[in-house]
Amino acid sequence: MCEANVYLVNKNIEELLLERVDKIIPKSGEIYLENIFGERKIVAARIKELHLVDHRVILERIETNA
Numbered sequence: 001m002c003e004a005n006v007y008l009v010n011k012n013i014e015e016l017l018l019e020r021v022d023k024i025i026p027k028s029g030e031i032y033l034e035n036i037f038g039e040r041k042i043v044a045a046r047i048k049e050l051h052l053v054d055h056r057v058i059l060e061r062i063e064t065n066a
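Residue 1 is where the sequence shown starts when you use my numbering, and the numbers rise one by one after that.
Next up, the structure:
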């Protein structure tokens, strides 16, 4: 299994964003995620940490000035 669970960190709390992700594509301030079930999410974030042995990806939300 090569999938990873993706977590979004918010104020030092990790929230599970998407399970069994097999595709991560960073694009101009956003991260596109797709898992093995075909679920997709786009989040304004950056990659903070990768824990490949533990199959964990930690994202950090990018603050928008809207």
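Here a beta-carbon is modelled for each residue, glycine too, at the ideal position from N, C-alpha and C. Note that the coordinates shown come from a computational prediction; the quantities given were computed from them, not determined experimentally.
- In the three-state DSSP reduction, Ile-58 falls in the strand class (E or B).
- In this structure, DSSP gives Glu-30 an extended state, which the three-state scheme calls strand.
- Looking at the DSSP output, Lys-23 sits in a beta bridge with Glu-34.
- Inter-residue distance for Pro-26 and Ala-44 is about 10 Å (C-alpha atoms, whole angstroms).
- The C-alpha of Ile-36 lies about 23 Å from the C-alpha of Arg-61.
- In the three-state DSSP reduction, Leu-52 falls in the coil class, being neither helix nor strand.
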